[in-house]
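**Student:**
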Amino acid sequence: MSKYVKDLLTKDLASRVDGVEDCVLANVIGMDANATTNLRKRLREKGIRLMVVKNSVARRATEGTSLAPAFEGLEGTAAMLWGADDFVSLVKEVVALDKDEEEFEKFTARGGVMDGEQLDTDKVKEISKWPSREEQLSMLVGQILGPGSTLAAQLIGPGGQLASQIGQVGEE
């Protein structure tokens, strides 16, 4: 590949991942066309983008960005995945695809980068067990509303008892 073509590919990749701060790397080598099409369709439905990149081109395109650590020490071709609602949702989907031996047998997670820190395969699997953004928000709302509902029940409880006692006295 000529230097001119490599520069064009590098610039194209750099423009595509401009603004992306976290990604997951996976291996898709050996997947047949039908499995690849199904994989891309499933990812597209979840708002996840997938691009197969040559390691040397990706390393040059991400130089100086938060994505650069993902490609350190990586050899060969890798699929770069980014997008979804949040990074944890992305990782959960990648790990789910990795576990799906029936349809996506050759798909395997290889690592990634989060907040500028390189992730290995084990760390990616560990992050997949974290709560997603939606789950975190629902837990937060529950913690905020919990004391208020307890207080409201404590304030209403004695008033309800008094009203029932007055009602009983009125009936007699």
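First residue of the sequence shown? That's 218 in the working numbering, and the numbers climb one at a time after it.
No residue lacks a Cβ here, since even glycine has one placed at the ideal position from N, Cα and C.
Applying the 10 Å Cβ sphere with the 16-neighbour rule, what's the burial state of residue 218?
**Tutor:** Exposed: under 16 other Cβ atoms inside 10 Å.
**Student:** So if DSSP puts residue 299 in a beta bridge, which residue, or which two residues, is it bridged to?
**Tutor:** 266
**Student:** Can you look up residue 279 in the DSSP assignment and give me helix, strand or coil?
**Tutor:** coil
**Student:** Select from 355, 226, 301 and 350 the residue whose C-alpha is nearest the C-alpha of residue 269.
**Tutor:** 226
**Student:** From 330, 324, 307 and 256, pick the residue whose C-alpha is nearest to that of residue 238; which is it?
**Tutor:** Measuring from the Cα of residue 238, the nearest candidate turns out to be 330.
**Student:** If you draw a straight line from the C-alpha of residue 249 to the C-alpha of residue 369, how long is it?
**Tutor:** Between the C-alpha atoms of residue 249 and residue 369 there is a straight-line separation of about 60 angstroms.
**Student:** Label residue 309 either buried or exposed according to how many other C-beta atoms from any shown protein chain fall within 10 Å of its C-beta, with 16 as the threshold for buried.
**Tutor:** buried
**Student:** Please say whether residue 300 and residue 257 have beta carbons closer to each other than 8 angstroms?
**Tutor:** no
**Student:** Put residue 333 into one of helix, strand or coil per three-state DSSP.
**Tutor:** coil
**Student:** Under 8 angstroms by Cβ, that's how I've got residue 294 and residue 263 pegged, so tell me the actual separation to the nearest angstrom.
**Tutor:** In fact, because the Cβ distance is near 23 angstroms, the residues do not count as touching under 8 angstroms.
**Student:** Rounded to the nearest angstrom, what separates residue 349 and residue 247 at their Cα positions?
**Tutor:** 31 angstroms
**Student:** When we look at the beta-carbon of residue 297 and count the other beta-carbons within 10 Å, is it buried (16 or more) or exposed?
**Tutor:** buried
**Student:** Do residue 291 and residue 230 come within 8 angstroms of each other at the CB atom, strictly closer than that value?
**Tutor:** no
**Student:** Go to residue 305, then tell me how far its alpha helix (DSSP H) extends in each direction, as first and last residue.
**Tutor:** 304–316
**Student:** Have a look at 381, 252 and 284 and flag the residue whose alpha-carbon is nearest the alpha-carbon of residue 319.
**Tutor:** 252
**Student:** On the three-state DSSP scale, how would you describe residue 258?
**Tutor:** helix
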